[in-house]
Amino acid sequence: MNSQDIISVFLIAIGLAMDAFSVAVTDGIVIGRVKARQAIKIGLFFGVFQFFMPCIGFLLGTAFARYIKAFDHWVAFILLVFVGGKMIFEALTEKDEAEAVKDPLSNKTLTVLAIATSIDALAVGVTFATVEIPLFAAAAIIGVVAFVLSFAGVYIGSKCGNLFGNKAEIAGGVVLVGIGVKILVEHLFF
1013 MNSQDIISVF LIAIGLAMDA FSVAVTDGIV IGRVKARQAI KIGLFFGVFQ
1063 FFMPCIGFLL GTAFARYIKA FDHWVAFILL VFVGGKMIFE ALTEKDEAEA
1113 VKDPLSNKTL TVLAIATSID ALAVGVTFAT VEIPLFAAAA IIGVVAFVLS
1163 FAGVYIGSKC GNLFGNKAEI AGGVVLVGIG VKILVEHLFF
């Protein structure tokens, strides 16, 4: 993977991790006084799921790569713009307070939240198959970034309250849309 690919994957990883970061901030608010093991547990759930979902998406994308090779740049563009746009839309729409998590540390709750926040990574994995990004390196970057941001998010939530939530999701969505546009422009004009 060249340095440009690493930067792109890192930016994608940050964009994908914004949902997990927002949830981790909320978990930190709910927990209040956070212990390191609690932040590690939350970070691991989000990091591991963010690692495996692009792998699954990559396998699906690879299985269908020969059918979509002629328009793969459009697939990457549409998926990234869709995922980024969805993140921006969800951040701008009001969320019901009744949706608050009662036990943010239960394995069941964390599994559901980790799956929900990493579905976007599945779509990005399909994109990786179309632009020939090395799977393991990309998935590892995504997983590590999700772990670090989720871990930090728990502490930020416990200290700063609800300061970043929607803004982080909007920023993540904008990054994903920007990467999608970059892929399309590179394939069409360069």
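Be aware that the sequence shown starts at 1013, since it is given in our numbering, and climbs by one per residue.
The beta carbon of each residue, even a glycine, is placed where N, CA and C say it ideally should be.
Closest by C-alpha distance to residue i, when choosing among the options
| i | options | result |
| --- | --- | --- |
| Leu1147 | Gly1096, Leu1072 and Val1095 | Leu1072 |
| Cys1067 | Val1138, Glu1198 and Ala1128 | Val1138 |
| Phe963 | Arg1049, Val1035 and His1085 | Look at the range of the chain in this structure, 1013 to 1202, and you will see that residue 963 is not part of it. |
| Cys1172 | Gln1016, Ala1029, Ser1034 and Val1021 | Ser1034 |
| Leu1091 | Ala1048, Ala1150 and Leu1028 | Leu1028 |
| Arg1049 | Glu1144, Leu1117 and Val1042 | Leu1117 |
| Phe988 | Phe1159, Glu1198 and Ile1145 | With the chain covering only 1013 through 1202, there is no way to say anything about residue 988. |
| Phe1159 | Gly1055, Ile1019, Thr1123 and Glu1198 | Gly1055 |
Buried or exposed (CB count within 10 angstroms, at least 16 for buried), residue i
| i | result |
| --- | --- |
| Ala1082 | exposed |
| Lys1053 | buried |
| Ala1149 | exposed |
| Phe1101 | exposed |
| Ser1015 | exposed |
| Val1037 | buried |
| Ile1024 | buried |
| Thr1105 | exposed |
| Thr1129 | buried |
Same chain only: Cβ atoms within 8 angstroms of residue i, ignoring 5 sequence neighbours per side
| i | result |
| --- | --- |
| Thr1074 | Ala1141 |
| Phe1089 | Gly1192, Val1193, Ile1195 and Leu1196 |
| Ile1026 | Val1157, Leu1161, Gly1184 and Val1187 |
| Phe1022 | Ile1153 and Val1157 |
| Gly1044 | Ser1170 |
| Met1099 | Gly1027, Met1030, Asp1031, Asp1132, Glu1181, Ile1182, Gly1184, Gly1185 and Leu1188 |
| Val1143 | Asp1084, His1085, Ala1088 and Ile1195 |
| Phe1261 | A question about residue 1261 goes unanswered here, because the residues of the chain that appear run from 1013 up to 1202. |
| Gly1097 | Gly1185 and Val1189 |
| Met1013 | Val1021, Ile1145, Pro1146, Ala1149 and Ala1150 |
Contact belief for residue i with residue j at Cβ below 8 angstroms, rounded distance in angstroms
| i | j | result |
| --- | --- | --- |
| Ala1126 | Phe1057 | 4 angstroms |
| Gly1165 | Gly1059 | The Cβ separation is near 12 angstroms, so there is no contact. |
| Thr1123 | Asp1115 | Not a contact, Cβ separation roughly 12 angstroms. |
Cutoff 6 angstroms; reference residue i; Cβ partners in own chain excluding five residues on either side
| i | result |
| --- | --- |
| Val1095 | Asp1132, Ala1135 and Leu1188 |
| Val1093 | Val1189 and Gly1192 |
Close-in-space but distant-in-sequence residues of the same chain around residue i (CB under 7 angstroms, 5 per side omitted)
| i | result |
| --- | --- |
| Tyr1167 | Gly1040, Val1046 and Ala1051 |
| Ala1151 | Phe1063, Pro1066 and Cys1067 |
| Phe1061 | Ala1126, Ile1127 and Ser1130 |
| Ser1020 | Ile1191 |
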